[in-house]
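**Q** Next up is a structure, given as structure tokens.
2 protein chains.
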Amino acid sequence: MPAESIPAALVLIDCQKGFDDSKWGVRNNPQFEENARALLAAWRQNHLPVIHIRHSSTEDDSPLAPDSPGFEYYAWAVPQQDETEFVKHVNSGFIETGLEAYLRSITLQNLVVCGLTTNHCVSTTVRMAGNLGFHVELVADACATFPRTSYNGTVHDAELIHDTALASLHGEFCEVRTTQDILKPDSV
Amino acid sequence: MPAESIPAALVLIDCQKGFDDSKWGVRNNPQFEENARALLAAWRQNHLPVIHIRHSSTEDDSPLAPDSPGFEYYAWAVPQQDETEFVKHVNSGFIETGLEAYLRSITLQNLVVCGLTTNHCVSTTVRMAGNLGFHVELVADACATFPRTSYNGTVHDAELIHDTALASLHGEFCEVRTTQDILKPDSV
């Protein structure tokens, strides 16, 4: 848990029911929900800022289209009244959302990020956050993703896509940590 | 080669001598230079727009710092007078460079991207390009990268990092293609 002297916002990315759709394949990290919930509970208990990023797909047949049942947040991730929400239409939480202006307006420099999916919306948002000068801690076991097929036909399972995505982010755009690290009482 | 009716700019990312430094580890794709050179030669021969993105590191000890010999372009990648250059200080070629404004000003929608490194500056630039609405073809065998060590100590070799990075980009932010595909006479 970040010390009070350097508060961090918890940023939850795309914690929406649409990711339960079978079209995505077999997700990795069955502990994703438990860990993301634990982070959210700790932030709420400590009255630290919580930001929800919600995907509104522009593709009619997407499980994340705004008129699809999958657009709904997971029950555990529904924003409370004092929390902030940004709706995005592309992968990056920073493109056409007002997120950067909001963070600058409240002089918030530190972000703890979790959500779905590790290699797409999480990675893209973390890359932009780091490149825009924010300090990001990305919580590995509070993220998850799905398999990908490469252009040459190679299928990579979700755990490999997740771990290689994190390896490319760690030390370049953010620090990758675990839920346990973040929630340690003496952690910054 | 893109048809004349829908010209694409060739975007070369960070083709700089600093990537020959041993600190990065063993690079994949020994054909990177040959393929990127072939793309550049074709674009020049067809008088299509060429954009060079050059990294100027803000870290004093980086091989890509502006006063380091590694800041220089590879000899084959030195811009010609009628080509455009953008200097960046972070991974994304779109952050604080004027690249987006330039592309909008000349109504250029289509980009063919190659360069270094697949999972860092190439991936970040392609993600932003796709999210900003540009149509991107990313040339797999005209990119290359280096190994990465994950937060949990796992070492992933350069070829795996390269291929998983491409798998995450393909069909989401861009189309991944090969140099041969791009240079086919009837290709768009």
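Chains A and B, in that order, give the protein sequences.
This note's numbering puts the first residue of the first sequence at 22, with every later residue one more than the last.
This note's numbering puts the first residue of the second sequence at 22, with every later residue one more than the last.
From the three backbone atoms N, C-alpha and C, an ideal C-beta is built for every residue, glycine too.
Are the CB atoms of B:F107 and B:L124 nearer to each other than 7 Å?
**A** Taking the first residue of the second sequence as 1, we reach residue 107 of chain B at position 86. Taking the first residue of the second sequence as 1, we reach residue 124 of chain B at position 103. No, Cβ-Cβ distance for B:F107 and B:L124 is not below 7 Å.
**Q** Does any residue of chain B bring its CB to less than 7 Å from the CB of A:R148?
**A** Translated into positions along the first sequence, residue 148 of chain A becomes position 127. Yes, its Cβ sits closer than 7 Å to a Cβ of chain B.
**Q** To the nearest angstrom, report how far apart B:T145 and A:R65 are at their CA atoms.
**A** If you number the second sequence from 1, residue 145 of chain B lands on position 124. If you number the first sequence from 1, residue 65 of chain A lands on position 44. Looking at the two C-alpha atoms, the distance is approximately 32 Å.
**Q** To the nearest angstrom, how far is the alpha carbon of A:C164 from that of A:D81?
**A** Counting from one through the first sequence, the residue named residue 164 of chain A turns up at place 143. Counting from one through the first sequence, the residue named residue 81 of chain A turns up at place 60. Taking the straight line joining both Cα atoms gives about 26 Å.
**Q** Along the region 100-125 of chain B, where does the CB come closer than 8 Å to a CB of chain A? Name the residues.
**A** Result list: V111, N112, S113 and I116.
**Q** Give a yes or no on whether 7 Å exceeds the smallest Cβ distance from B:A24 to chain A.
**A** Along the second sequence, read from residue 1 onward, the residue named residue 24 of chain B stands at position 3. Unreliable positioning characterises B:A24 in this predicted model, as indicated by a pLDDT of 45, which lies under 50. The coordinate reading is nonetheless provided below. Taking Cβ atoms only, chain A never reaches closer than 7 Å to B:A24, which makes this a no.
**Q** Let me know the secondary structure DSSP gives B:V99 once reduced to three states.
**A** Numbered from its first residue, the second sequence carries residue 99 of chain B at position 78. If DSSP states are grouped into helix, strand and coil, B:V99 belongs with coil.
**Q** Can you check which of these residues, A:I74, A:H156 and A:A96, is closest to A:K38 by C-alpha distance?
**A** On the first sequence, residue 38 of chain A is found 17 positions in, with the first residue counted as 1. For A:K38, the nearest C-alpha among the options comes from A:A96.
**Q** Which residues bound the alpha helix (DSSP H) around B:R125?
**A** By one-based count along the second sequence, residue 125 of chain B stands at place 104. Where B:R125 is concerned, the enclosing alpha helix (DSSP H) stretches over L120 to S126.
**Q** State yes or no: is the C-beta of B:G136 within less than 7 Å of the C-beta of B:L33?
**A** On the second sequence, residue 136 of chain B is found 115 positions in, with the first residue counted as 1. On the second sequence, residue 33 of chain B is found 12 positions in, with the first residue counted as 1. Yes, these two residues count as a Cβ contact at 7 Å.
**Q** Please report the distance separating the alpha-carbon of B:A188 from that of A:T166.
**A** Position 167 of the second sequence, counting from 1, holds the residue named residue 188 of chain B. Position 145 of the first sequence, counting from 1, holds the residue named residue 166 of chain A. So the two alpha carbons sit approximately 13 Å from each other.
**Q** I'd like to confirm the pairing. Which residues does DSSP put opposite B:I34 in its beta bridges?
**A** Counting from 1 along the second sequence, the entry for residue 34 of chain B is found at position 13. Per DSSP, B:I74 and B:G136.
**Q** Kindly indicate which residue of B:P206, B:L69 and B:A57 has the alpha-carbon position closest to the one of B:D103.
**A** Within the second sequence, the letter at position 82 stands for residue 103 of chain B. Cα-wise, what sits closest to B:D103 is B:L69.
**Q** Kindly identify the DSSP beta-bridge partner or partners of A:V157.
**A** In the first sequence, the residue the question calls residue 157 of chain A occupies position 136. In the DSSP output, where bridge partners are listed per residue, A:V157 has A:L132.
**Q** If we count the other Cβ atoms within 10 Å of its Cβ and call it buried at 16 or more, is B:I127 buried or exposed?
**A** Position 106 of the second sequence, counted from the start, is the residue given in the question as residue 127 of chain B. The residue is exposed, with fewer than 16 neighbouring Cβ atoms inside 10 Å.
**Q** Along the region 167-190 of chain B, where does the CB come closer than 7 Å to a CB of chain A? Name the residues.
**A** Against chain A - using a Cβ distance shorter than 7 Å - the residues of the region 167-190 of chain B are R169, T170, S171, Y172, T175, H177, L181, I182, D184, T185, A186, L187, A188 and S189.
**Q** Is it the case that the Cβ atoms of A:E180 and A:N49 are separated by a distance below 7 Å?
**A** Within the first sequence, the letter at position 159 stands for residue 180 of chain A. Within the first sequence, the letter at position 28 stands for residue 49 of chain A. Contact: yes.
**Q** Answer with buried or exposed for A:S113, where buried requires no fewer than 16 other C-beta atoms within 10 angstroms of its C-beta.
**A** As a first step, residue 113 of chain A must be located in the first sequence, where it is residue number 92. That one is buried.
**Q** Using a C-beta cutoff of 7 Å, does A:N152 count as contacting chain B?
**A** By one-based count along the first sequence, residue 152 of chain A stands at place 131. Yes - at least one Cβ of chain B is within 7 Å of the one on A:N152.
**Q** Quick one: what's A:F107 bridged to in DSSP?
**A** Counting from 1 along the first sequence, the entry for residue 107 of chain A is found at position 86. Paired residues: A:I74.
**Q** Any beta carbon from chain A within less than 7 Å of B:V134's own beta carbon?
**A** Along the second sequence, one-based indexing puts residue 134 of chain B at 113. For B:V134, the answer is no, since every Cβ of chain A falls outside 7 Å of its Cβ.
**Q** Just to confirm the assignment, what range does the beta strand (DSSP E) spanning B:R213 have?
**A** Residue numbering for chain B in the displayed model covers 22 to 209; residue 213 of chain B lies beyond these limits and cannot be assessed.
**Q** Per DSSP, what are the beta-bridge partners of A:H191 in this structure?
**A** One-based indexing of the first sequence puts residue 191 of chain A at position 170. A:C195, per the DSSP bridge assignment.
**Q** Note down the Cα distance separating A:L204 from A:T139, rounded to an integer number of angstroms.
**A** By one-based count along the first sequence, residue 204 of chain A stands at place 183. By one-based count along the first sequence, residue 139 of chain A stands at place 118. If you take the alpha carbons of A:L204 and A:T139, they lie about 20 Å apart.
**Q** Quick one: is A:C195 near chain B, going by C-beta distance under 7 Å?
**A** Indexing the first sequence from 1 puts residue 195 of chain A at position 174. It does not: the Cβ of A:C195 has no partner Cβ on chain B nearer than 7 Å.
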